[in-house]
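Structure first, commentary second.
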Ligand code: SF4
């Protein structure tokens with residue numbers, strides 16, 4: 003294949019002599035919420051040079067970025083009990099429960115809250131739903147930090163009718179329904195799946211004679227745009243590389259969406275994980291990345307793919 007005939011689609015990562023066609027999602031790299039959180043955290047670290055500083059859980063789901071922040075003196079810890087009284091603490095983009103927030107306050111900590119505004123909006127919605135007596139249904143990953151935080155805000159006794167977390171449509175069958183239901187989605191959930199699940203919830207509630215189901219589209223734009231573009235690229239590509247944290251919900255979602263279209267999809271955190279054998283005979287490579295993946299990781303991935311392509315030419 004002659005290199006002059008090939009081009010890299012993305013305006014962000016154009017290389018002079020690419021040997022494979024690499025299509026990079028324009029909606030890749032840090033999203034608004036992640037960029038905001040990282041900028042806030044670095045500023046905060048600089049402003050408190052002599053204090054003990056902690057990040058309660060990973061500020062974003064990207065271990066390389068967590069390490070960079072640690073190099074600035076912000077130690078990543080998992081439990082509130084590991085934070086000494088009076089220290090500085092950063093609340094991650096995924097948020098915490100109201101109970102955890104109170105525990106941080108009780109320890110007289112200097113708190114920097116980087117919870118994404120989109121996540122905070124869900125906290126307000128579910129709090130209001132619970133206070134008005136609705137059963138709150140959260141569609142998302144049961145074990146995800148964001149969901150745990152939302153569950154905390156949805157528990158508003160005594161009026162609230164309880165909280166259910168649904169990850170897959172099959173779970174709707176077993177779900178109890180009450181007269182008033184409010185449904186929200188984890189910010190990184192897939193819109194198509196969310197619509198299917200909300201439809202199933204409505205059908206079940208209506209069949210039991212209940213008529214009040216309110217559905218809130220709380221999937222954030224950054225997630226939606228990344229998912230849409232990833233699907234488009236996967237349809238054109240012969241192999242997809244999804245770059246991002248292995249524990250990043252939105253990156254994992256991009257991987258599974260691509261896998262519905264292509265068999266040759268790989269989820270990597272860094273360019274070092276790329277294997278030359280994956281690209282044998284492949285001329286069109288798609289690259290997508292989660293919302294917590296830095297631009298540098300994407301650029302290094304594209305560079306390495308081109309190096310591999312050069313060897314295979
Ligand atoms: S993916 Fe959406 S909700 Fe999550 S941090 Fe980014 S902007 Fe906020």
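Numbering (my numbering), first residue to last: 3 to 315.
Where a beta carbon is used, it is the ideal one built from N, C-alpha and C, also for glycine.
Using the C-alpha atoms, what's the distance from residue j back to residue i?
i	j	result
residue 183	residue 242	39 angstroms
residue 114	residue 40	11 angstroms
residue 12	residue 196	No answer about residue 12 holds up, because its pLDDT of 49 lies below 50 and its placement is not dependable.
residue 175	residue 203	9 angstroms
residue 31	residue 300	7 angstroms
residue 137	residue 154	14 angstroms
residue 92	residue 103	11 angstroms
residue 267	residue 133	44 angstroms
residue 143	residue 150	9 angstroms
residue 283	residue 233	22 angstroms
residue 168	residue 52	44 angstroms
residue 140	residue 94	20 angstroms
residue 213	residue 178	15 angstroms
residue 38	residue 297	15 angstroms
residue 4	residue 265	Caution is warranted here: a pLDDT of 36 is assigned to residue 4, below 50, making its placement in the model unreliable, and the coordinate value is therefore given only provisionally. Near 27 angstroms, if we compare the C-alpha coordinates of residue 265 and residue 4.
residue 49	residue 90	11 angstroms
residue 60	residue 276	25 angstroms
residue 67	residue 173	35 angstroms
residue 271	residue 215	40 angstroms
residue 116	residue 235	32 angstroms
residue 34	residue 118	9 angstroms
residue 209	residue 170	20 angstroms
residue 105	residue 207	37 angstroms
residue 81	residue 211	44 angstroms
residue 148	residue 58	13 angstroms
residue 83	residue 205	44 angstroms
residue 107	residue 54	16 angstroms
residue 36	residue 187	19 angstroms
So, for residue i: in the same chain, excluding its five sequence neighbours on each side, which residues have a beta-carbon less than 7 angstroms away from its beta-carbon?
i	result
residue 200	185, 217
residue 223	none
residue 250	63, 64, 292, 294
residue 165	138, 140, 153, 156, 157
residue 85	56, 79, 91, 109, 111
residue 247	63, 64, 65, 253, 271, 292, 294
residue 101	154
Considering only residues of the same chain and omitting the five flanking positions on each side of residue i, which have a CB-CB separation below 6 angstroms?
i	result
residue 273	302, 303, 306
residue 88	110
residue 146	251
residue 79	56
residue 9	Its pLDDT being 37, under 50, residue 9 is placed unreliably in this model, and the value from its coordinates should be taken loosely. Around residue 9: no qualifying Cβ.
residue 131	138, 184
Kindly give me the distance between the Cβ atoms of residue i and residue j, rounded to whole angstroms, as I take these residues to be in contact under 8 angstroms.
i	j	result
residue 76	residue 96	Wrong, their Cβ atoms sit about 16 angstroms apart, outside the cutoff.
residue 289	residue 269	No, residue 289 and residue 269 are not in contact; Cβ-Cβ is about 12 angstroms, not under 8 angstroms.
residue 231	residue 28	7 angstroms
residue 190	residue 123	Going by Cβ atoms, the distance from residue 190 to residue 123 rounds to 14 angstroms, so no, they are not a contact pair.
residue 278	residue 25	That pair is no contact at about 20 angstroms.
residue 237	residue 263	6 angstroms
By Cβ distance below 8 angstroms, which residues in the same chain neighbour residue i in space, the five residues on each side in sequence not counted?
i	result
residue 281	22, 241, 287, 307, 310, 311, 314
residue 229	192, 193, 255, 256, 259
residue 99	150, 151, 153, 154, 155
Could one say the Cβ of residue i lies closer than 7 angstroms to chain C's Cβ atoms, at least one of them?
i	result
residue 304	This model lacks chain C altogether, as it is built from one protein chain only.
Three or more beta-carbon pairs under 8 angstroms between the stretch 44-52 and the stretch 253-264, yes or no?
Taking 8 angstroms as the limit for Cβ pairs, the verdict is that the stretch 253-264 does not touch the stretch 44-52.
Which runs of the alpha helix (DSSP H) spanning at least 4 residues fall entirely within the stretch 179-230, listed in chain order?
Taken in chain order, the complete alpha helix (DSSP H) segments of 4 residues or longer contained in the stretch 179-230 are 193-209.
contact_flag[the stretch 276-296, the stretch 220-235] where n(CB pairs < 8 angstroms) is 3 or more
The stretch 276-296 is in contact with the stretch 220-235.
Would you call the stretch 54-73 in contact with the stretch 123-132, where contact means no fewer than 3 C-beta pairs closer than 8 angstroms?
The stretch 54-73 vs the stretch 123-132: no contact.
Quick check on the DSSP output: what are the complete alpha helix (DSSP H) runs of length 4 or more inside the stretch 239-297, in order along the chain?
Counting only runs of 4+ residues, the alpha helix (DSSP H) found wholly inside the stretch 239-297 occupies 251-261, in chain order.
Give, in chain order, every unbroken run of the beta strand (DSSP E) that is at least 3 residues long and sits entirely within the stretch 66-149.
Here the runs fully enclosed are 76-79, 90-93, 112-115, 137-141.
Residues around the ligand NAD, please: the condition is that the C-beta lies closer than 6 angstroms to some non-hydrogen atom of it.
The ligand NAD is absent from the structure shown, which contains only the ligand SF4.
Could you pull out every unbroken beta strand (DSSP E) segment of at least 3 residues lying fully inside the stretch 21-46, listed in chain order?
Every beta strand (DSSP E) of 3 residues or more that sits fully in the stretch 21-46 is shown, in chain order, as 23-26.
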